[in-house]
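**Student:**
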Amino acid sequence: MHNIGKREFFAALGMTLLHSVFSLFVIVSSIWLCLALWFQEPFGWFITRVLIGIWIVFALSILGIYITQNLFNRHIDILIYIFGFLLGLFWYFSLEAKQDREWNPEVAQVLSYEQDGDQITLHNVRNFNWYADGSYDERWETRDFDLNQITGVNIITSYWMGPRIAHTLVSFDFSNSQPLTFSIEIRKQKNEEFSTYGGFFRKYELSLIAADEKDLIYTRSNIRGEDVYFFPVNMSKTERRALFEEYLRKANELKNQPKWYNSLTSNCTTLVFDMVQAVSKRHLPTDYRLLASGYLPNYLYDLTAISHELSMKQWYEVAYINPRISELNHISSTQYSTLIRQGLPQPTTVDVP
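With our numbering as the guide, the letters of the sequence shown map in order to residues 371 to 723.
Written out as structure tokens, the structure reads:
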């Protein structure tokens with residue numbers, strides 16, 4: 371009798387654990403699917419929300435919370451739920467990123483290039499002229515670069531929602547031409563607004579913008595009022611060139627096959643980290659600061675990618691560009707690039723053997 375009691379106890383415990391795991395699955399999967407439907411709106415605003423409501427009622431019945439307890443019987447309800455969720459997964463992962471939407475003008479063009487040895491010709495380099503009210507003059511250019519003339523790499527972090535989250539840009543210095551800045555962004559459609567949560571659910575395509583510094587950085591510091599910091603990075607000559615070529619490879623990849631932006635895994639910081647890791651001669655440790663991108667400069671400082679000539683506190687003081695340019699509305703690209711580098715220590719440029 372004692373052994374029978376133990377078996378019954380462990381059988382009951384096993385069933386309780388199984389029900390708990392399945393209940394957790396229902397809760398998590400329902401939240402995910404409802405959010406995916408909410409942001410995608412596959413059947414229009416009204417029908418999609420009706421469908422979400424029906425799904426919530428059904429999920430509650432599976433959990434035994436809804437007043438009817440079960441719609442049919444528990445086993446059939448569970449099978450219907452799993453089948454419905456699998457259909458939802460199939461629908462979601464069949465969504466394809468596209469090139470042919472009605473895009474916002476600032477992301478309307480796709481970056482492309484031609485290469486002849488060390489010479490690079492970039493097409494659709496953005497050089498918009500921005501005004502205080504957020505309007506702009508559209509200007510897309512073709513620019514030529516010599517890979518042997520790259521003299522520096524800079525990380526720019528732009529903060530708009532507190533110290534933890536920042537947009538990351540990478541700028542390349544050249545000895546014989548104006549700097550060029552790359553920014554990995556969402557590709558917004560006309561009249562579309564950015565949503566961090568929507569970025570988790572295939573709401574936006576991925577866009578790689580190459581632009582004049584005054585365009586990309588000035589937009590954030592002077593037009594949007596974001597806090598912008600500029601950090602020269604210690605990289606070897608070989609690594610600088612390899613990183614630029616990684617950006618070219620990414621541009622070609624997106625031109626041939628559009629991809630989805632993801633707020634967690636495919637964003638302005640994680641993709642830059644992937645490219646830097648691809649060209650680095652040493653392994654770069656994963657770190658929470660790659661997700662909390664506002665702390666990326668601290669991560670780079672710990673790796674000595676940012677000079678230890680200054681403390682991190684001092685770096686944040688001298689790298690803050692807003693006080694130098696916030697009142698300047700009419701300034702050339704050359705003047706702007708000079709001002710945002712004013713007072714910054716020079717990075718290490720010795721090549722790695």
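Where is the CB? At the ideal position from N, CA and C, for every residue including glycine.
(1) Nearest-angstrom Cα distance between proline 667 and isoleucine 676?
(2) Can you list, in chain order, the residues of its chain with a C-beta nearer than 8 angstroms to that of serine 636? Leave out the 5 residues immediately preceding and following it.
(3) Check for me: the beta strand (DSSP E) holding glutamine 489 runs from which residue to which?
(4) Taking a contact to mean a Cβ-Cβ separation below 9 angstroms, would you say isoleucine 432 touches valine 480 in this structure?
(5) For isoleucine 437, which of helix, strand or coil comes out of DSSP?
(6) Mapping DSSP to helix, strand and coil, what is glutamine 485?
(7) Using alpha carbons as the reference points, say which of Pro602, His389, Ile525, Leu550 lies closest to histidine 445.
(8) Looking at the structure shown, is alanine 502 part of a helix, part of a strand, or coil, going by DSSP?
(9) Give me whichever residues DSSP pairs with valine 598 in a beta bridge.
(10) Out of curiosity, what's the CA-to-CA distance linking tyrosine 436 and isoleucine 426?
(11) Name the two residues that bound the continuous beta strand (DSSP E) containing threonine 512.
(12) Buried or exposed: tryptophan 530, going by 16 or more other Cβ atoms within 10 Å of its Cβ?
(13) Assuming the contact rule is C-beta atoms closer than 8 angstroms, phenylalanine 498 and glutamate 476 should be a hit. Round their C-beta distance to whole Å, please.
(14) Starting from arginine 611, trace the alpha helix (DSSP H) both ways and give me its first and last residue.
(15) For glutamate 583, report the span of its alpha helix (DSSP H) as first-last.
(16) Considering phenylalanine 552, what are the terminal residues of the beta strand (DSSP E) in which it resides?
(17) Between which two residues does the beta strand (DSSP E) carrying serine 541 extend?
(18) Cα-Cα, which of Phe392, Ser393, Leu407, Leu387 is closest to lysine 573?
(19) Are at least three pairs of beta-carbons, each pair with one atom in the region 658-665 and one in the region 674-691, less than 8 angstroms apart?
(20) Could you check which residue in Pro693, Asn692, Leu670 has the C-alpha nearest to that of methionine 682?
(21) According to DSSP, simplified to helix, strand and coil, what is leucine 680?
(22) Rank Lys607, Trp500, Lys558 by C-alpha distance to the C-alpha of alanine 581 and give the top, closest one.
(23) Buried or exposed: where does arginine 726 fall if 16 or more other Cβ atoms within 10 Å of its Cβ makes it buried?
(24) When the distance is taken between beta carbons, is proline 717 closer than 9 angstroms to proline 602?
(25) At the level of alpha carbons, what is the spacing between threonine 438 and phenylalanine 428?
(26) Use the C-beta contact count for proline 549: other C-beta atoms within 10 angstroms, 16 or more gives buried, fewer gives exposed.
(27) Quick check on the burial criterion: 16 or more other C-beta atoms within 10 angstroms. Buried or exposed for glycine 595?
(28) Go through its chain and collect everything with a Cβ distance to phenylalanine 409's Cβ below 6 angstroms, but skip five positions before and after it.
(29) Can you tell which of Phe643, Ala536, Ser505, Thr551 has the C-alpha that lies nearest to the C-alpha of leucine 492?
(30) Buried or exposed for aspartate 514, please, with buried defined as at least 16 other CB atoms from any protein chain shown within 10 angstroms of its CB.
(31) Indicate whether glutamate 724 and serine 545 have their beta-carbon atoms separated by less than 9 angstroms.
(32) Distance check for leucine 449 and isoleucine 424, CA to CA, integer angstroms please.
**Tutor:** In short:
(1) Along the sequence shown, read from residue 1 onward, the residue named residue 667 stands at position 297. Along the sequence shown, read from residue 1 onward, the residue named residue 676 stands at position 306. When the Cα atoms are used, proline 667 and isoleucine 676 turn out to be separated by approximately 8 angstroms.
(2) Mapped onto the sequence shown, residue 636 falls at position 266. The answer, listed in chain order, is Leu576, Lys629, Trp630.
(3) Counting from 1 along the sequence shown, the entry for residue 489 is found at position 119. Secondary structure note for glutamine 489: its beta strand (DSSP E) is the uninterrupted segment 489-496.
(4) Numbered from its first residue, the sequence shown carries residue 432 at position 62. Numbered from its first residue, the sequence shown carries residue 480 at position 110. Not in contact: isoleucine 432 and valine 480 (Cβ atoms no closer than 9 angstroms).
(5) On the sequence shown, position 67 is the one that residue 437 refers to. Residue confidence for isoleucine 437 is low, a pLDDT of 41 falling below 50, so the modelled location carries little weight and cannot support an answer.
(6) One-based indexing of the sequence shown puts residue 485 at position 115. Annotated three-state conformation of glutamine 485 is strand, per DSSP.
(7) Numbered from 1 along the sequence shown, position 75 holds the residue referred to as residue 445. When only C-alpha atoms are compared, the closest one is His389.
(8) The sequence position of residue 502 within the sequence shown is 132, counting from 1. Alanine 502 carries a coil assignment under DSSP once its states are collapsed to helix, strand and coil.
(9) Locating residue 598 in the sequence shown gives position 228, where the first residue counts as 1. Among the bridge pairs identified by DSSP, valine 598 is matched with Ser528.
(10) As a working note, residue 436 is residue 66 in the sequence shown. As a working note, residue 426 is residue 56 in the sequence shown. With a pLDDT of 46 at tyrosine 436, under the threshold of 50, the modelled position of that residue is not reliable, and the figure given next carries that caveat. Those two C-alpha atoms are separated by around 10 angstroms.
(11) Looking up residue 512 in the sequence shown gives position 142. First-last of the beta strand (DSSP E) with threonine 512: 510-516.
(12) Position 160 of the sequence shown, counting from 1, holds the residue named residue 530. With fewer than 16 other Cβ atoms within 10 Å, it is exposed.
(13) One-based indexing of the sequence shown puts residue 498 at position 128. One-based indexing of the sequence shown puts residue 476 at position 106. About 7 angstroms separates the two Cβ atoms, so the contact holds.
(14) Taking the first residue of the sequence shown as 1, we reach residue 611 at position 241. First-last of the alpha helix (DSSP H) with arginine 611: 607-626.
(15) For the purposes of this step, residue 583 is taken as residue 213 along the sequence shown, with counting starting at 1. That run of the alpha helix (DSSP H) goes 583-588.
(16) Indexing the sequence shown from 1 puts residue 552 at position 182. Phenylalanine 552 -> beta strand (DSSP E) spans 550-557.
(17) Here residue 541 refers to the residue found at position 171 of the sequence shown. That run of the beta strand (DSSP E) goes 536-544.
(18) Reading the sequence shown from its first residue, position 203 is the one you call residue 573. With distances taken between CA atoms, lysine 573 lies nearest to Leu407 out of Phe392, Ser393, Leu407, Leu387.
(19) Contact fails between the region 658-665 and the region 674-691, because fewer than three Cβ pairs, one in each stretch, are under 8 angstroms apart.
(20) One-based indexing of the sequence shown puts residue 682 at position 312. It is Leu670 whose Cα lies nearest to the Cα of methionine 682.
(21) Position 310 of the sequence shown holds residue 680. Here leucine 680 sits in coil by DSSP.
(22) Translated into positions along the sequence shown, residue 581 becomes position 211. From the listed residues Lys607, Trp500, Lys558, the smallest Cα separation to alanine 581 is found for Trp500.
(23) No statement about residue 726 is possible, as the shown extent of the chain runs from 371 to 723 and does not include it.
(24) Counting from one through the sequence shown, the residue named residue 602 turns up at place 232. Counting from one through the sequence shown, the residue named residue 717 turns up at place 347. In this structure, proline 602 places its C-beta atom within 9 angstroms of the C-beta atom of proline 717.
(25) To locate residue 438, count along the sequence shown from 1; it is residue 68. To locate residue 428, count along the sequence shown from 1; it is residue 58. Only weak support exists for where threonine 438 lies, its pLDDT of 49 falling under 50; the coordinates are left without a value.
(26) Reading the sequence shown from its first residue, position 179 is the one you call residue 549. By the 10 Å Cβ count, proline 549 comes out buried.
(27) Counted from its first residue, the sequence shown places residue 595 at position 225. Glycine 595 is classed as exposed because its beta carbon has fewer than 16 other beta carbons within 10 Å across all chains shown.
(28) The residue you call residue 409 lines up with position 39 of the sequence shown. Correct list, in chain order: Gly568, Phe571, Lys573.
(29) To locate residue 492, count along the sequence shown from 1; it is residue 122. With distances taken between CA atoms, leucine 492 lies nearest to Thr551 out of Phe643, Ala536, Ser505, Thr551.
(30) The residue given as residue 514 occupies position 144 in the sequence shown. Exposed: under 16 other Cβ atoms inside 10 Å.
(31) Only positions 371 to 723 of the chain appear in this structure, which leaves residue 724 out of reach.
(32) Position 54 of the sequence shown, counting from 1, holds the residue named residue 424. Position 79 of the sequence shown, counting from 1, holds the residue named residue 449. Rounded to whole angstroms, isoleucine 424 to leucine 449 spans 17 angstroms at the Cα level.
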